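I have placed the structure first, in the form of structure tokens, so that the comments after it can refer back to it.
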Amino acid sequence: MQTEQFRQIVEEARSAPSALNTQPARWRLKGDTILIGCDPAATLPVSDPHGIAAGLACGAAAEATILALSARRMGTGFTDLWAQDDRETLPGLRLAARITLEAGTDPDPLARQLPLRFSHRGPYEPGPVDLYGWSRRDAILVTDGTRRDWLAELHDKATLRHLRRAEARRELVSWLRLSPRHPRKRHDGLDRAMLGLSPRAAAEARLVLGPLWRPAEMLGLIERLAGESAQTRSSAVVALFHRPASDSPVAAGRPYLRLLLEASKLGLAAWPMGVLTADAQARTEISQRVGLGDDRRLMQVIRLGPIGARPEARARRPLSELIV
């Protein structure tokens, strides 16, 4: 593979989702092999101490790479390397996966959705949606108002529980790009437009998540600022994405991206409600209520719905940061 072609593939694959848009995946080309590494500097040690979200992001990046290759009629082999915890092959990174180029293949239809997928925090447009063509068997779709309301309340409670930890607030703030002058605004993290915040709300968030947390909590302002129940209730469907408990997060990241691309194909924008799987109490409560056994793990909860105008372009790291 030529260097310029590899760069084009990474440029397409970097659209893969990640928690707080940290984008931990890194790429290296070695002959006919592409290595995917995870950058620990782009992970969330407080919110994601076991690396589940980081591995999920790297698995999604690997699948995006495979899709970009398939669009060029390049077949691939995939090896999940997460469990080896190899930090020597790619110095400074945790080796996540190896993709080998093999015989030619027909383009995967989902490859066309890579540039079309986008995230939307909500609210969503009202009205029914057509789920005809949905093929995922690893996602329980919540479409009834009662369970959707329950998930909305559970999400806000778990969020508040998480934000009461000072170290969690500091970690979140480090990935927010609420100022238009933030030097990383176009590269990573979540900006005001992505979060759907007005300039005033963005200014309030910086203060409340920082020096004014205690008085804001005493005055009951946290729920109004951090709560997302209205957005969740406006969604058309909430997908409970689950995988075999034996799957590594990298292995789970591949079907996770495909789920999001299928939703995009149906005209649905997605927003991950990651705190519901990061919080053990919330994850257990959901699993028990929907009947997930011990052989399955709830990997992500995603609200989905139609929106009007396409949002602004997503912040993405330059290739100079991604290709190592």
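Here the numbering used here is used: position 316 in the sequence shown is 364, and no number is missing along the way. Ideal Cβ positions, reconstructed from N, Cα and C, are used throughout, including at glycine. Please read all numbers here as calculations on a predicted model, not as lab measurements.
What does a CB cutoff of less than 8 Å around residue i pick up in its chain, not counting 5 residues either side in sequence?
{"i": "H203", "result": "E276, S277, T280, M321, V323, L324, A330 and V349"}
{"i": "L129", "result": "L143, A144, A145, R146 and V298"}
{"i": "E333", "result": "L202"}
{"i": "N69", "result": "W223, D236, G237, L238, M242, R362 and A363"}
{"i": "K46", "result": "Beyond the ends of the chain as shown, which are 49 and 372, falls residue 46; an answer cannot be given."}
{"i": "D327", "result": "A206, R209 and H210"}
Using beta-carbon positions only, say whether residue i and residue j come within less than 8 Å of one another.
{"i": "L104", "j": "G237", "result": "no"}
{"i": "R184", "j": "E310", "result": "yes"}
{"i": "E219", "j": "L92", "result": "yes"}
{"i": "T207", "j": "A264", "result": "no"}
{"i": "L370", "j": "W182", "result": "no"}
{"i": "P163", "j": "S63", "result": "yes"}
{"i": "V58", "j": "L367", "result": "yes"}
{"i": "V177", "j": "A284", "result": "yes"}
So for residue i, helix, strand or coil by DSSP?
{"i": "P292", "result": "strand"}
{"i": "K313", "result": "helix"}
{"i": "F126", "result": "strand"}
{"i": "A363", "result": "coil"}
{"i": "S373", "result": "The question about residue 373 has no answer here: the residues shown for the chain are numbered 49 through 372."}
{"i": "T148", "result": "strand"}
{"i": "W261", "result": "helix"}
{"i": "K78", "result": "strand"}
{"i": "Q53", "result": "helix"}
{"i": "R232", "result": "coil"}
What residue from the options has the CA that sits closest to residue i's CA?
{"i": "G193", "options": "G175, R209 and H210", "result": "G175"}
{"i": "A47", "options": "T332, S296 and R358", "result": "The requested residue 47 does not occur in the structure, where the chain is confined to residues 49 to 372."}
{"i": "L149", "options": "A89, A110, L226 and K233", "result": "A110"}
{"i": "L308", "options": "A293, A326, V286 and P292", "result": "V286"}
{"i": "A293", "options": "W182, A90 and D186", "result": "D186"}
{"i": "R213", "options": "L257, R195 and R165", "result": "L257"}
{"i": "S227", "options": "A200, S63 and L255", "result": "L255"}
{"i": "R306", "options": "L77, V177, A250 and T113", "result": "T113"}
{"i": "V372", "options": "Q50, D87 and L68", "result": "D87"}
{"i": "L83", "options": "A251, E52, G107 and G99", "result": "G107"}
Am I right that residue i and residue j are in contact with their C-beta atoms under 8 Å? What's the rounded C-beta distance?
{"i": "S296", "j": "A131", "result": "6 Å"}
{"i": "R121", "j": "P171", "result": "Not a contact, Cβ separation roughly 41 Å."}
{"i": "R232", "j": "R225", "result": "6 Å"}
{"i": "A102", "j": "D96", "result": "6 Å"}
{"i": "T153", "j": "G123", "result": "4 Å"}
Give me, in chain order, the residues of the same chain whose beta-carbon lies closer than 6 Å to that of residue i; leave out the 5 immediate sequence neighbours on both sides.
{"i": "G315", "result": "P354"}
{"i": "G244", "result": "R169"}
{"i": "A159", "result": "L115, S118 and A119"}
{"i": "H235", "result": "A363 and R365"}
{"i": "L77", "result": "F54"}
{"i": "G125", "result": "T148 and E150"}
Suppose the cutoff is 7 Å on Cβ atoms and the five residues either side in sequence are ignored; what does the same chain contact list for residue i look like?
{"i": "L346", "result": "L288, H290, T325, R331, I334, S335 and L340"}
Can you confirm whether residue i, when its beta carbon is compared against all beta carbons of chain B, has any partner nearer than 8 Å?
{"i": "A249", "result": "Absent from the structure is chain B; it holds one protein chain and no more."}
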